[in-house]
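First residue of the sequence shown: 0, per numbering that gives the first Met the number 0; consecutive thereafter.
The C-beta atom is built at its ideal place from N, Cα and C for all residues, glycine as well.
It should be emphasised that the depicted structure is a prediction, and the values quoted were computed from it without experimental measurement.
Presented below is the structure to which this report refers.
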Amino acid sequence: MDEAQGQFIADAQEIVEKLDRDLDQLRVVRFHGPRRRELAARIFRRVHTLKGSAASLGLEAVRDVSHEFESVLDSVRLGRLIIDDSLLNLFEEATNVIAQALSREPTSGEVNAKALIARLQAIASTGASQGKIAGTLRATLPPDVARSLSEYDLQHAREAVREGARLFIVSAGFAIEDFDQNFRELSKLLGQIGEVIATVPGEFAAADEISFRLLYAAEVISEEIARRAVKLGRIEISELKIEPASTRQREPTAADSLRMTSDEPAASVRVELGELDRIITDAGELFRDTTNALSAARASDNQEVVAAAATRLRRRFVEFEERLIKLRLVPLAETLERVATRAGRIAARQLRKEVEFEIVVGDIAIDKPLADAIAEPLLHLVRNAVSHGLESPEERTAAGKNVIGKLRLAAFSEGGRIHIAVNDDGRGIDLARVASAAREQGIAGHDSLTMDQCLRLIFRPGFSTATEVSNLSGRGIGLDVVDRAMEQAGGEVRVQTEPGKGTTFLISLPVALALVRCVLVRSGEQLYAIASARVAGQYSLDGDERGDKGSAGAIDWKGEQLPLFSLAGLLDRSAEIGAANERVAIILETKPYRDGGSGSQMRIGIAVERIEGKQETLVRSLGRHGARWPGVSGAAELADGSVALVLDVEELIEAAES
């Protein structure tokens, strides 16, 4: 892939994200004429940009879909088509197809966009036929007014009539010296109850006035509005008699899968120019500070002065590195929302299921390559939950459940790791059916399978319990992609299920880089960092409240009895550190959505020697070396240049529970 294509794909992916947001807004404001038209025009411009760039670079898939998408949007923009649920659904499917083409998402079945393009063409032709109705409106208008109106104005007027408004010609003449003020007053007055569609020259005007006519749409012009308008100058209002027309649209179906065959683009992020300018400025200042520090070191015999200068310089370098790291980070919420709203909504609509999506993520930002890497596994998990996990409305009603299924994506960061739970309140995994399918497919023998063995089977390539093949499921492609992606990233995927209540998939993987607010604690000679979001408080220990690796200790924290454990004991360092030295306990808590939201929150006390304070730290993953230190997930670079080991609270709590 050449540089131009790589840059186009980066730009196009950003446009697609904006299209998603615009379509969500359009769904909300579709009954509000001015705002709807503004959004429709904006979406049209975005798709037009995609089409033009794709055509110039020979990216046929994006070009062809964008071209037909643009044709439909043009009819919407001109008021020829009604924006309803079916049209919005088709827009979302077209956006999804373009996104798949840009990301080269692996899909099951043949890569084919023809069906989608055919539906877009059918809708566009419907809109074109509606354009003929504008001729009826043009014939109704005064000839000189009709000649002054563009096709857009005529379609705008027709759309207003279709929505129940009446059309008026407001003829006005204002004295030249008062024209600006009176024109603004009239526009403001009419805008209170309707909408000015177009302004055209007046029929005649006195020597000292300016005349004009307004094509105006409103449900009614009250006597009060008319009386106030007449006070501004010469005003005449006449109503046009227009018969409203209706537009019929066919119901579109879900989009076919499509991807673009080209080389994988280099990972990239978008950076605001202002931020680049600030970094360039900081780099210049850092260079000057370095030069000054070196000069001071040469000129001074005072080691304290030299050490202080070195400390300041080290701090500046750490701050500068953090600024650079932040350029690589993107909000995790964007990835989760894109997967849930695009893939999840389309899958639910295709299967005729009602699904409520919930995203709990906070302000977590992750490395852009990691965000790209988890998008596909999350997409498969969401599709799997909608297709297999959630029941049909009829099944949910029969089971006494709310007809609307719930799908929850929750994420939290843990030092050098990120955890994402995909939880549904569906039927749960039928373990007996999994075991039976495994035997039928020759994967397992006739011996009984444990629950863990059954749950691992669903990640095998080609394994499926579906009896039918659809666009979404039944081919055995999906969960093995998740498992393989986690393995490649050094992470893992776990599954919890309860028959009749739902299933949770929890993926956990290391992050290469992250900025994390941490509480620093000391145990022996080693400094440790704990994500501050997991610290509920602290507790001073007396001689009788010493924790150990077992649950011998306990503390009363805010009226709650909490088990107390020694950090040194949990890390198998009890021999190095005496319990008597542990004088304070850090209160740690699990996240209530650790298992997708169904579990209860747990608090424990961890005894340490002392608390060193809080600090935003740059956390790096230990990668494959992390296995050497159970309970440790990463390393944090501190402002003074020292390093703290980042504790994996989840692993510590699991060790304490066991």
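Item to check | For Ile417: DSSP bridge partner residues | outcome: In DSSP, Ile417 forms a bridge with Ser412 and Leu508.
Item to check | For Gly536: DSSP bridge partner residues | outcome: Answer is Ile586.
Checklist entry - Ala225: buried (16+ other C-beta within 10 angstroms of its C-beta) or exposed? => result By the Cβ neighbour-count rule, Ala225 is exposed, with fewer than 16 other Cβ atoms within 10 Å of its own.
Checklist entry - Does DSSP put Gln180 in a helix, in a strand, or in coil? => result In the structure shown, Gln180 sits in a helix (DSSP, three-state: H, G or I).
Checklist entry - What residues are listed by DSSP as bridge partners for Pro200? => result Bridge partners of Pro200: Phe211.
Checklist entry - How about Leu540 and Glu611: are their beta carbons less than 9 Å apart? => result No. Outside cutoff.
Item to check | Asn291 classed as buried or exposed, judged by whether at least 16 other C-beta atoms fall within 10 angstroms | outcome: Burial call: exposed.
Item to check | Gly698 to Phe411 span [Cα, whole Å] | outcome: One cannot answer for residue 698 here, as it falls past the ends of the chain, which runs 0 to 657.
Checklist entry - Do Lys325 and Ala282 come within 9 Å of each other at the CB atom, strictly closer than that value? => result No, Cβ-Cβ distance for Ala282 and Lys325 is not below 9 Å.
Checklist entry - Between Val195 and Val385, what straight-line distance do the alpha-carbon atoms span, to the nearest angstrom? => result Whole-angstrom Cα-Cα distance: 46 Å.
Next on the checklist: Using C-beta distances below 7 Å, list every residue in its chain close to Leu185, excluding the 5 sequence neighbours before and after it, in chain order.
Outcome noted: Setting aside the 5 residues that flank it on each side, Leu185 is surrounded in the same chain by Ala171, Ala228 and Leu231, each with a C-beta closer than 7 Å to its C-beta; the list follows chain order.
Item to check | Terminal residues of the alpha helix (DSSP H) in which Glu222 lies | outcome: Taken as a continuous stretch (DSSP letters only), the alpha helix (DSSP H) holding Glu222 covers Glu222 to Val229.
Next on the checklist: Quick check on the burial criterion: 16 or more other C-beta atoms within 10 angstroms. Buried or exposed for Gly536?
Outcome noted: Gly536 sits exposed, since fewer than 16 C-beta atoms from the chains shown fall within 10 Å of its C-beta.
Next on the checklist: Taking DSSP's pairing of strands, which residues face Ala167 in a bridge?
Outcome noted: Reading off the sequence, residue 167 comes out as Phe, not Ala. Phe167 has Tyr215 and Glu238 as its beta-bridge partners, per DSSP.
Checklist entry - Taking the alpha carbon of Gln512 as the point to measure from, which residue in His387, Ala634 and Glu208 has its own alpha carbon closest? => result With the sequence shown as reference, residue 512 is identified as Leu, and Gln is not the correct amino acid for it. Ranking the options by Cα distance to Leu512, first place goes to Ala634.
Item to check | Buried or exposed by the 16-neighbour rule on C-beta atoms within 10 Å, applied to Lys187 | outcome: Sixteen is the threshold: since fewer than 16 other Cβ atoms of the shown chains lie within 10 Å of the Cβ of Lys187, the residue is exposed.
Item to check | Residue nearest to Leu213 in terms of C-alpha spacing, selected from Val169, Phe286 and Ser522 | outcome: For Leu213, the closest alpha carbon among the candidates Val169, Phe286 and Ser522 is that of Val169.
Next on the checklist: Using a 10 Å radius around the Cβ and a threshold of 16 neighbouring Cβ atoms, would you call Phe356 buried or exposed?
Outcome noted: The C-beta of Phe356 has 16 or more other C-beta atoms within 10 Å across all chains shown, which makes the residue buried.
Checklist entry - Val27: buried (16+ other C-beta within 10 angstroms of its C-beta) or exposed? => result Per the 10 Å Cβ criterion, exposed.
Next on the checklist: Contact defined as beta carbons within less than 8 Å: I believe Val421 pairs with Thr503. What is the distance between those atoms, to the nearest angstrom?
Outcome noted: About 7 Å separates the two Cβ atoms, so the contact holds.
Checklist entry - Start and end of the beta strand (DSSP E) containing Arg382? => result Looking at the DSSP string, Arg382 is not in any beta strand (DSSP E); the run it does join, the alpha helix (DSSP H), is Lys367 to Asn383.
Checklist entry - DSSP state of Glu390, grouped into three classes? => result Glu390 carries a coil assignment under DSSP once its states are collapsed to helix, strand and coil.
Checklist entry - How long is the line joining the alpha carbons of Pro330 and Asp366, rounded to whole angstroms? => result Rounded to the nearest angstrom, the two C-alpha atoms are 9 Å apart.
Checklist entry - At what residues does the beta strand (DSSP E) containing Glu581 begin and finish? => result In the DSSP annotation of this structure, Glu581 is not part of any beta strand (DSSP E), being labelled neither H nor E.
Next on the checklist: Does Val329 come out as helix, strand or coil in the three-state DSSP assignment?
Outcome noted: Look at Val329 here: in three-state DSSP terms it is strand.
Item to check | First through last residue of the alpha helix (DSSP H) which encompasses Ser74 | outcome: Run containing Ser74: Glu59 to Arg76, per the alpha helix (DSSP H) assignment.
Next on the checklist: Check for me: the beta strand (DSSP E) holding Ala342 runs from which residue to which?
Outcome noted: DSSP places Ala342 outside any beta strand (DSSP E), giving it a letter other than H or E.
Next on the checklist: Which residue wins for smallest C-alpha separation from Leu335, given the options Ala347, Leu350, Ile358 and Arg315?
Outcome noted: Taking Leu335 as reference, the option from Ala347, Leu350, Ile358 and Arg315 with the minimal CA-CA separation is Ile358.
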